[in-house]
Amino acid sequence: MLKLMVGAFSLTFVIAPTVMAQLESGQGQQLYEQHCVLCHQESGAGAPPAFPALSANDQLGDSARIVRRINAGTRRMPPFPALTPEEMSSLVHYIRNAWTNDFGGVTTEEVTAVLEDLGEVGPMSSVWDGVFTEAQVTRGQALYMGACTFCHGRRLNGAPDDPDMRSTPPLARARFVRVWEGRSLATLFAYTRATMPEDNPGSLTDQENIDVIAYLLSVGGMPAGDDELQADRRRLARVVIGPRP
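Take this note's numbering: the final residue in the sequence shown is number 350, and no numbers are missing along the way.
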């Protein structure tokens with residue numbers, strides 16, 4: 106329950122307990138910063154057309170549609186099937202009411218009903234579980250040396266081969282893991298696919314992007330396995346980036 110004093114009058118609003126919890130906990134903002142800010146920016150302005158704005162976006166009026174998009178992804182946006190109904194409701198509530206938005210709350214019960222129609226999520230795994238093959242690493246290394254070293258350097262440390270180029274984020278090892286920790290390979294794949302190479306985004310095929318990612322993981326010490334990493338957004342969404350267990 107929320108009370109508002111206006112002059113001599115006291116107005117009382119009844120707010121669902123789950124919505125009040127969302128307002129007070131800040132969980133939605135934390136989830137946004139972890140999963141969404143990379144593409145949609147802190148301001149919600151995004152970087153259209155690749156990453157649409159969430160601020161003043163009338164499409165956010167349909168909460169069920171937003172839940173489905175976050176869970177299943179879109180052509181450009183990775184899916185986030187691992188979010189629990191509680192986390193999803195907090196995130197959707199934050200997006201619908203942050204910045205200049207005022208689309209109202211969404212309850213965990215409403216989110217649960219939408220998610221039940223989408224089916225169950227498969228098991229989660231880690232980048233340390235052997236999610237790519239040595240053959241992919243070999244292909245990815247050749248692609249990286251041809252398309253990425255000019256900006257990111259041969260050692261993947263962000264020091265470009267061209268001294269006139271600005272430094273770039275490291276793509277392997279501990280610092281890379283710290284930046285991407287808690288995010289899925291689906292997010293890394295979607296971001297890379299939409300923004301790289303910087304001078305010609307989208308010039309690599311999905312398979313080539315995946316092979317480059319396999320190479321990055323290998324340089325970071327993650328082990329290879331028996332099965333190739335696939336350019337399947339739903340599968341990639343179940344592989345989480347993080348430090349060695």
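Note that beta-carbon positions come from the ideal geometry of N, C-alpha and C, so glycine has one too. Computed from a predicted model, the values in this text were never measured in an experiment.
Could you check which residue in His198, Ala169, Glu239, Cys253 has the C-alpha nearest to that of Cys218? Correcting the residue identity first, residue 218 is Ala in this sequence and not Cys. Checked all of His198, Ala169, Glu239, Cys253; the closest Cα to Ala218 is Ala169.
Return the chain-ordered list of same chain residues with a C-beta closer than 8 Å to the C-beta of Val197, the five sequence neighbours on each side being excluded. Gly133, Ser168, Ile171, Val172, Ile175, Val211, Val216
Once DSSP output is grouped into helix, strand and coil, what is the label at Ala281? Here residue 281 is Phe; the residue named in the question, Ala, does not match the sequence. Three-state result, Phe281: helix.
Straight-line gap, Gly227 to Pro157 (C-alpha atoms, nearest Å): 28 Å
Quick test of the definition: if touching needs 3 or more C-beta pairs under 8 Å, does the stretch 326-334 touch the stretch 299-308? no
With a threshold of 16 other CB atoms inside 10 Å of the CB of Gly166, please say whether the residue is buried or exposed. exposed
Going by CA-CA distance only, name the one from Ser148, Ala152, His140 that's closest to Thr300. Ala152
Report the rounded CA-to-CA distance for Gly209 versus His145, giving the unit in angstroms. 20 Å
Phe294 (DSSP reduced to helix, strand or coil): helix
Helix, strand or coil for Ala150 per DSSP? coil
Taking only runs that begin and end inside the stretch 159-194, name each unbroken alpha helix (DSSP H) of 4 or more residues, in chain order. 168-177
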